[in-house]
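Notes follow the structure.
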Amino acid sequence: MGIPLGAALAACGTSGPTPAGGGASSGGTANNKATYWFLSVQPQEGVRTRAVERFNKANPNGQIAFTALQNDAYKTKIKTSIGAGQAPTIIWGWGGGTLRTYVQAGQVEDLTPWFEQNPAVKDRLFASSFGAATIDGKIYAMPAETMQPIVLYYNKKVFDQVGVKPPESWADIMALVPKFNAAGIAPFSLGGQSRWTNMMWLEFLFDRIGGPEVFQAVFDAKKDAWSNPAALDALTKLQELVKANGFIKGFSSITADSNADQALLYTGKAAMMLHGGWTYGSMKTDGGDFVSGGHLGYMNFPPVDGGKGDPSNTVGNPGQYLSISSKATPEQKEIAKKFFATAVLNDEDVKEWAGTGAVPIVNGADSAFATSEDADFLKFVYGIASNAKTFAQSWDQALSPAAAEVLLDNIAKLFQLSITPQEFVTNMNAVIGS
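Numbering (the numbering used here), first residue to last: 55 to 488.
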């Protein structure tokens, strides 16, 4: 998948597809039921399934037949089905670049008028979640489920051992690097073989130096958008960190799927790690008393001195997204809209999503995890999401699949110092709008 959420999901092997809820395993009509496909990984699959079951029980005359599919199988099947005009009524996805391809092909409904008619539905959700649902100023998907920002984690024991404080600026990060290296501790863990882990660094540097408009110009396919001076500055700063031995030795052969990068942090072999919010749960499970003993620190990415970006901004997955197939019948479309209005992120759904250790994209969702043993971390994540001026979507999900692959390849080369910042810019400008 190449994206944080996708990687996390793909790491969980499941059998699929699994027809359920009436057994509809294809798009189109199923006794005039609406149809809905989604991913079959637990615990998320269970939350999605129960939301549909509750809806069906409350709406005997407007049912939804659902099918759970394994991650890779889903991506293949949904692409093929949409291309053939046989999509399910409700199309689950990550928004961004893939949603744009659906919009350009006329395969999904414009939901802007529906949201205007149902302002209470829109107002309940994080405003930041609508960015990846919006194409050319129109909303084509219902934001759903949870958000996962990228977090700067650090090992408090290691910081105490070296006698330093968490960084409050990029200059602080660069000043910490030689201090940790002198103590025989890698400044940063990194599963660089996975490539999207490297991408997180550039996402934050671009934002902190030039603001969200730098990457927005790439997303909007503006000619030579990568040539922005802020982009060159960010690419140069990143290579300066690599050259200063900022990352664990051999990072290009470490995979994120193995969680080896997390292990380096909680065993004290590395001091810090930039990674997704979902890694908190696995570090809690695998890291002994690292989390329960209060040894894990976390923070938003610090500002860059002189940068234009708002330090409240974040990047990652601002939500998951539900679109309605333009090929569905009027009856199916109405069932889907009723599902959006009454079942998606209602009080019960919010409670269930919070129970998975993630933050639902609903204003006030923090009340759902006030008594959780993970309340401090969940409140931190909720604060980042609700206070962010901009919650930027992961680049490789915002771009088309073809451009994303070129991006990830060039980012890997940039980290390996096999291309210069200018070569990166030239290579990426060549695929703008592809």
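Even for Gly, the Cβ is constructed at its ideal location relative to N, Cα and C.
- Query: In the DSSP assignment, what residue or residues form a beta bridge with V162?
  - Reply: S379
- Task: Output the distance between the C-alpha atoms of Q161 and T152, rounded to the nearest integer angstrom.
- Result: 12 angstroms
- Message: Can you list, in chain order, the residues of its chain with a C-beta nearer than 8 angstroms to that of F258? Leave out the 5 residues immediately preceding and following it.
- Response: I204, L328, F355, V369
- Task: Return helix, strand or coil for G100, following the three-state DSSP convention.
- Result: helix
- Alpha carbon to alpha carbon, what distance is there between T480 and F242? 28 angstroms
- Spatial distance of M326 from Y208 (CA atoms): 4 angstroms
- Neighbour-count burial assignment, Q158, 16 or more Cβ in a 10 Å radius: exposed
- Task: Could you check the C-alpha separation between G116 and Y156 for me, to the nearest Å?
- Result: 26 angstroms
- Item | Per-residue DSSP class, three states only, for A84 | Model confidence at A84 stands at a pLDDT of 46, short of 50, so the residue's coordinates are unreliable; what they give is reported in the following sentence. Strand.
- Query: Over what stretch of residues does the alpha helix (DSSP H) that includes T200 continue unbroken?
  - Reply: Here T200 belongs to no alpha helix (DSSP H); instead the beta strand (DSSP E) covers 200-209.
- Who does G191 pair with in a DSSP beta bridge? DSSP lists no partner for G191.
- Item | Limits of the unbroken alpha helix (DSSP H) element including V175 | 173-178
- Message: Quick check on DSSP: helix, strand or coil for L295?
- Response: helix
- S377 burial status per 10 Å Cβ neighbour count (16 or more: buried): buried
- CB of A88 within 7 angstroms of CB of A390, strictly: yes
- Counted within 10 angstroms of its Cβ, other Cβ atoms place K291 as buried (16 or more) or exposed: buried
- Task: Kindly list the residues whose CB is nearer than 7 angstroms to the CB of K211, restricted to its own chain and excluding five residues on each side of it in sequence; keep chain order.
- Result: G322, H349
- Message: Looking at the strands, I want to know which residues DSSP matches up with S248.
- Response: BP columns for S248 are empty, so no partner.
- Message: Checking 7 angstroms against the spacing of the C-beta atoms, do A324 and A240 come in under that value?
- Response: yes
- Task: Please go through the segment 214-263 and give each complete alpha helix (DSSP H) segment of 4 or more residues, from N-terminal end onward.
- Result: 224-236
- Task: Enumerate, from N- to C-terminal direction, the unbroken beta strand (DSSP E) stretches of 3 or more residues contained entirely within the segment 300-384.
- Result: 324-330, 350-353, 368-371, 374-378
- Ignore the nearest five residues each way along the sequence and tell me which others in G245's own chain have a CB closer than 6 angstroms to its CB. T251, I308, T309, A310, D315
- Look up T410 in the DSSP assignment and say whether it is helix, strand or coil. coil
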